[in-house]
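Following my numbering, the numbering of the sequence shown begins with 1017 at its first residue and continues without gaps.
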Amino acid sequence: MAVAIRLRRAGRKKSPMYRIVVADSRMPRDGKFIEVIGQYAPRTGDKAVTLKIDRANYWLDNGAQPSDTVRSLLRKAGVLKVRHEARLAIKLAAVAVPITESTETTGSTESSE
């Protein structure tokens, strides 16, 4: 089963509001879903997106693929940047070479002379 994070339309005619849902990718747009993780109201101002960031990260960690629009909303909310920086920090920490004791002691003896 492929899991997708996508938009589900709600709201009145000519006044759309979308729910950001986690659903089986084989289900129709407004069909059965697993969980609602946020809302998107494109007609409102700056506060157009409300999102449960912890649940979005949980589903992304478990392999859910966001649609193009949801990916752009996650980027604007800062979720993808935080995830990228966390992965980059882990990668850089694995590559970093620790300072050995012999290097520290030789540096301190030179400064005392």
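Ideal Cβ positions, reconstructed from N, Cα and C, are used throughout, including at glycine.
Considering only their Cβ atoms, is the gap separating residue j from residue i smaller than 8 Å?
i	j	result
residue 1072	residue 1090	yes
residue 1200	residue 1017	No answer is possible for residue 1200: it lies beyond the span of the chain, which begins at 1017 and ends at 1129.
residue 1052	residue 1028	no
As a quick exercise: from the options, pick the residue whose alpha carbon is nearest that of residue i.
i	options	result
residue 1084	1096, 1077 and 1078	1096
residue 1037	1068, 1094 and 1093	1068
residue 1070	1098, 1043, 1092 and 1046	1098
residue 1043	1019, 1061, 1030 and 1032	1019
residue 1050	1109, 1087, 1107 and 1075	1075
Indicate the three-state DSSP secondary structure (helix, strand or coil) for residue i in the structure shown.
i	result
residue 1129	Only weak support is given to the placement of residue 1129: the predicted model assigns it a pLDDT of 49, under 50, and the question is left unresolved by the model.
residue 1025	strand
residue 1017	coil
residue 1079	coil
residue 1098	helix
Going by DSSP, what residue range makes up the beta strand (DSSP E) through residue i?
i	result
residue 1040	1031–1040
residue 1053	1051–1056
residue 1066	1065–1067
Please list the terminal residues of the continuous alpha helix (DSSP H) segment that includes residue i.
i	result
residue 1084	1084–1093
Worksheet item: Are the region 1046–1058 and the region 1019–1034 touching, with three or more C-beta to C-beta distances below 8 Å?
Response: yes
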